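S.K.: Handing you this structure, nothing more for now.
In the numbering used here, the protein residues as written are 29 to 167.
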C-alpha cells in the first residue's frame, strides 16, 4: 500500500500561493521543523497532516528543461461552495465531467502557474451534473 504524504511546490509567488490554498482548500498553516525554518516557506495542513509544502524560489531552482509534475489533484466536498469561491475571486477555471466514473473535475492555476485539479464525486458530482444537464452513467 502507498499513500501520498505531501506535495511540495517551489514558487516565486510564496504569499499568494499560500493564500490560494488556504482560501480555496481550507488548509491551515502549521508548524515546520526547526531544521528547515531558514528556508522561506510554509507547511499547510489538512487536519493533522501537512499535505502542501511551499518553498520560496525567488527566481532560483525553477526547472527549465526536463520533466516536471503535470498537476496536483485534491479530492474534496462542497462543489457549489468551491465554485462560489472561484467566482468571488474571479479565478478562471475549466471543468471536466467523467460520467462513467460519476466524477466532476475542476481545473485552475495556482498563482505560480501550477495546474490544480479538484475532484468531486458522490452527491457533489450529481450536483455538478444537474447544473450541466448531464446524467451519470455509473453509480
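Cβ coordinates follow ideal geometry from the N, Cα and C atoms, glycine included.
Treat the numbers as computed from the prediction; the structure is a model and nothing was measured.
Pick from 137, 83, 117: whose alpha carbon is nearest that of residue 123?
M.R.: Out of 137, 83, 117, 137 has the C-alpha closest to the C-alpha of residue 123.
S.K.: Residue 101 and residue 132: beta carbons closer than 8 Å?
M.R.: In this structure, residue 132 does not lie closer than 8 Å to residue 101 by Cβ.
S.K.: Give the range of the alpha helix (DSSP H) segment to which residue 52 is assigned.
M.R.: Element bounds for residue 52: 42-53.
S.K.: Please return the same chain residues whose Cβ sits closer than 8 Å to the Cβ of residue 39, not counting the five positions on each side in sequence.
M.R.: Hits under 8 Å: 45, 82, 83, 84, 85, 138, 139, 140, 142.
S.K.: Once DSSP output is grouped into helix, strand and coil, what is the label at residue 114?
M.R.: Residue state, collapsed to three classes: helix.
S.K.: So, residue 107 versus residue 48, is the Cβ gap smaller than 8 Å?
M.R.: No, they are not a contact pair.
S.K.: From the DSSP secondary-structure annotation, give me the bridge partner or partners of residue 35.
M.R.: Residue 35 is bridged to 80.
S.K.: Nearest by alpha-carbon distance to residue 36: which of 158, 162, 151, 144 is it?
M.R.: If we check each option's Cα against that of residue 36, 144 comes out closest.
S.K.: Please name the residue or residues paired with residue 132 in a DSSP beta bridge.
M.R.: DSSP lists 125, 148 as partners of residue 132.
S.K.: Whole angstroms are fine: how far does the CA of residue 75 sit from the CA of residue 62?
M.R.: Cα to Cα, residue 62 sits roughly 20 Å from residue 75.
S.K.: Taking the straight line between their C-alpha atoms, what separation do you get for residue 33 and residue 71?
M.R.: Computed Cα separation, rounded: 12 Å.
S.K.: Which stretch, first to last residue, makes up the beta strand (DSSP E) that contains residue 74?
M.R.: From DSSP, the beta strand (DSSP E) with residue 74 extends over 69-74.
S.K.: Just to confirm, are residue 68 and residue 52 a CB contact at a threshold of 8 Å?
M.R.: No; because the gap between Cβ atoms is not below 8 Å, this pair is not in contact.
S.K.: Could you give the DSSP three-state label for residue 64: helix, strand or coil?
M.R.: Residue state, collapsed to three classes: helix.
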